[in-house]
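All remarks here apply to the structure that follows.
Numbering (my numbering), first residue to last: 8 to 299.
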């Protein structure tokens, strides 16, 4: 495809985003990349997006949180927060441009949307999973120092009510999550970082609860005619194939008070353990009564 009706604006760096850039280059699609990190916002490209629309092009923003007014013809490519449940961004790009979805592209999409469990559901071999995760971490720009800090932090990890708690200096969470992932066990991991970020991986219902319900709207700071949601809990971002499912794996992240979010997650897990224990005891009691 060589029709340049679109101009693409690149979000935070990871394997999926680097793959999208490669696809755009291979199909002669223009893009602007300011080498942003996770949490990148549309305002980083505000002038360029406006110029693209003025030139008669269609701006396509990829995994950029909206914090400025966008042209009416702008296309939003994302699968996080309110866009959870949509295909992975790399697969949306394939649909937009008519690109074949190869196995490698599908693995990259599964990794971004549902992490290791998503690739496992595709039937990926262990070596395929390891290769994708290694590529993802490289694309995130994770340094050897950050890897060592993760190892140090893991050596000091705590466990409360089944929740593994890791406190570390940076927020490159893959350095911890990859090391602690267990194939046949649901994640239950909270990472608290010195930069103020908190990230939880595990119970999809909890990930949805952590962000909270939308209880209203408030004027967007960039345009009083637009609104942004107001949440009744910690806000932040979430996603993952298991979002909303107590038995599924998902993720949540934000910048909450660390002790408050820790207490919330531990309390949830304590209640979950108590419910499970009560159900198990009731089942045993019923069986004993039947056997009498």
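Where is the CB? At the ideal position from N, CA and C, for every residue including glycine.
Roughly how many angstroms separate the alpha carbons of residue i and residue j, rounded to a whole number?
i           : j           : result
residue 175 : residue 43  : 22 Å
residue 206 : residue 296 : 45 Å
residue 17  : residue 294 : 58 Å
residue 36  : residue 115 : 20 Å
residue 41  : residue 222 : 34 Å
residue 169 : residue 125 : 23 Å
residue 237 : residue 217 : 13 Å
residue 47  : residue 166 : 32 Å
residue 220 : residue 213 : 12 Å
residue 289 : residue 298 : 14 Å
residue 110 : residue 67  : 25 Å
residue 143 : residue 155 : 18 Å
Quick one: using the 10 Å Cβ neighbour count with 16 as the cut-off for buried, is residue i buried or exposed?
i           : result
residue 197 : buried
residue 211 : buried
residue 317 : Outside the modelled stretch of the chain, which goes from 8 to 299, sits residue 317, for which no answer is possible.
residue 292 : exposed
residue 194 : buried
So residue i packs on residue j, CB below 8 Å; how close in whole Å?
i           : j           : result
residue 49  : residue 56  : 7 Å
residue 70  : residue 96  : 6 Å
residue 122 : residue 204 : About 18 Å; that fails the 8 Å criterion.
residue 208 : residue 181 : Rounded, the Cβ-Cβ distance is 10 Å, inconsistent with contact.
residue 215 : residue 250 : 6 Å
residue 147 : residue 230 : The Cβ separation is near 32 Å, so there is no contact.
residue 233 : residue 76  : 6 Å
Give the range of the alpha helix (DSSP H) segment to which residue i is assigned.
i           : result
residue 124 : 110-128
residue 295 : 265-298
residue 100 : 96-104
residue 146 : 133-146
residue 28  : 22-33
residue 93  : Segment: none, residue 93 is in no alpha helix (DSSP H) and carries neither H nor E.
residue 56  : 53-61
residue 73  : Taken as a continuous stretch (DSSP letters only), residue 73 belongs to no alpha helix (DSSP H), as it is neither H nor E.
residue 154 : 151-162
Counting along the chain, where does the beta strand (DSSP E) carrying residue i start and finish?
i           : result
residue 66  : 65-69
residue 165 : 165-167
residue 17  : Premise fails: residue 17 is in no beta strand (DSSP E) and is neither H nor E.
residue 257 : 256-261
residue 84  : 82-84
residue 1   : One cannot answer for residue 1 here, as it falls past the ends of the chain, which runs 8 to 299.
*Which runs of the beta strand (DSSP E) spanning at least 3 residues fall entirely within the stretch 174-239, listed in chain order?*
For the stretch 174-239, whole beta strand (DSSP E) runs of length 3 or above, ordered along the chain, are 195-200, 205-210, 221-227 and 230-238.
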